[in-house]
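Colleague:
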Amino acid sequence: MISDSLDYLRTGEGWERTALIGGLLAFFSFLLVPGFLVMGYLLRVLRATMHGDEADPPVFDDWTAMGVDGLKAFVISLVYGFVPGVVLAAAFAFGFAGLASGSDAGALTGGLVLLVGGLVALLLSLAAAYVVPAAILNYAATDRLGAGFAVGELTPMLVDRTYMTAFAYAFVIALGVGVLSGLLNAVPLLGAIAAAFVGFYAGVMVAYIYGTSYAEMRTVELQDDPVVDERAAA
Numbered sequence: 001m002i003s004d005s006l007d008y009l010r011t012g013e014g015w016e017r018t019a020l021i022g023g024l025l026a027f028f029s030f031l032l033v034p035g036f037l038v039m040g041y042l043l044r045v046l047r048a049t050m051h052g053d054e055a056d057p058p059v060f061d062d063w064t065a066m067g068v069d070g071l072k073a074f075v076i077s078l079v080y081g082f083v084p085g086v087v088l089a090a091a092f093a094f095g096f097a098g099l100a101s102g103s104d105a106g107a108l109t110g111g112l113v114l115l116v117g118g119l120v121a122l123l124l125s126l127a128a129a130y131v132v133p134a135a136i137l138n139y140a141a142t143d144r145l146g147a148g149f150a151v152g153e154l155t156p157m158l159v160d161r162t163y164m165t166a167f168a169y170a171f172v173i174a175l176g177v178g179v180l181s182g183l184l185n186a187v188p189l190l191g192a193i194a195a196a197f198v199g200f201y202a203g204v205m206v207a208y209i210y211g212t213s214y215a216e217m218r219t220v221e222l223q224d225d226p227v228v229d230e231r232a233a234a
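Right under this line is the structure:
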């Protein structure tokens, strides 16, 4: 699957232009709007691959719709990241208050709050990282922002072995890109630019993996649906 995702973008005509635009937008993603455009493009990759179109990668066009799409995906990610962020902020606030109290008991309590709160925030962050791709997949499939928070629709996906495998592949890619980006960033500016292009390409790979995995899960779901079987028999 990783090899297929690596080749996916290059199957499109004029893929160099797509990679160039995507890399530049990724480099300027700190300005937010370019980041929304990148996320919007990745949503197009998700939609294309989840519908079985693996031979014709999308291109950058209809910028307004793409930006709005990316903004919605960002909102979904932000909501899921809110709780871990609040827990971590509270742990730091109360923990450092205890450490600065000047008493041994306060320092001990503050240290424990920092340790436990940080651990809880880490676990919640890992859970959010696992759920967010499924939430965005469900949004991409339905075009409903609320679908990203539909627990009843997300739960079957989250416990599906195909989704777990896709998450594992995506994690490996993210880990590799993180290491490579760290090495590239050792070179001022040029390294950061190169890392942005690597990050965009990796994002396309991950979107391909999740999109094709969703298509596989959907196919299995339809095959197991007795209503579909009855219609086919009729």
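Numbering follows full-length UniProt numbering, in which position 109 of the sequence shown is assigned residue number 109; successive positions increment by one, without gaps.
Backbone N, C-alpha and C define an ideal beta-carbon position, used for all residues, glycine too.
Restricting to Cα atoms, I'd like to know which of Leu158, Val204 and Thr165 is closest to valine 177.
Modeller: The option with the nearest alpha carbon to valine 177 is Val204.
Colleague: Give the DSSP-derived three-state secondary structure of alanine 186 in the structure shown.
Modeller: Reduced to three states, the DSSP call for alanine 186 is coil.
Colleague: Between phenylalanine 60 and isoleucine 21, which are expected to be in contact by the criterion C-beta below 8 Å, what is the C-beta distance as a whole number of angstroms?
Modeller: Going by Cβ atoms, the distance from phenylalanine 60 to isoleucine 21 rounds to 5 Å, so yes, they are a contact pair.
Colleague: Check whether the Cβ atoms of serine 125 and tyrosine 163 lie closer than 8 Å to each other.
Modeller: In this structure, tyrosine 163 does not lie closer than 8 Å to serine 125 by Cβ.
Colleague: Quick check: the region 48-63 against the region 73-87, are there 3 or more CB pairs under 8 Å?
Modeller: Judged by Cβ distances under 8 Å, the region 48-63 makes no contact with the region 73-87, as fewer than three pairs qualify.
Colleague: Could you pull out every unbroken alpha helix (DSSP H) segment of at least 4 residues lying fully inside the region 112-160, listed in chain order?
Modeller: Listed in chain order, the complete alpha helix (DSSP H) runs (minimum 4 residues) inside the region 112-160 are 151-158.
Colleague: Do you know offhand how far lysine 72's Cα is from glycine 148's?
Modeller: Cα to Cα, the separation comes out at about 10 Å.
Colleague: Quick check on the DSSP output: the alpha helix (DSSP H) that includes glutamate 54 runs from which residue to which?
Modeller: It is not in any alpha helix (DSSP H) - glutamate 54 carries neither H nor E in the DSSP assignment.
Colleague: Going by the beta-carbon positions, is the gap between asparagine 185 and alanine 174 smaller than 8 Å?
Modeller: No; because the gap between Cβ atoms is not below 8 Å, this pair is not in contact.
Colleague: Around the Cβ of phenylalanine 30, are there at least 16 other Cβ atoms within 10 angstroms (buried) or fewer (exposed)?
Modeller: It counts as exposed.
Colleague: Run the CB neighbour count on phenylalanine 36, radius 10 Å, all protein chains shown included, and call it buried at 16 or more, exposed below.
Modeller: Answer is buried; the Cβ neighbour count reaches 16.
Colleague: Taking only beta-carbon positions, decide if glycine 40 is within less than 8 Å of chain B.
Modeller: Annotation note: the requested chain B is absent from the structure, which comprises a single protein chain.
Colleague: Would you report the Cα separation of leucine 189 and leucine 43, rounded to the nearest angstrom?
Modeller: For leucine 189 and leucine 43, the distance between alpha carbons rounds to 28 Å.
Colleague: Select from Gly70, Leu154 and Arg144 the residue whose C-alpha is nearest the C-alpha of tyrosine 130.
Modeller: Among Gly70, Leu154 and Arg144, the Cα nearest to that of tyrosine 130 belongs to Leu154.
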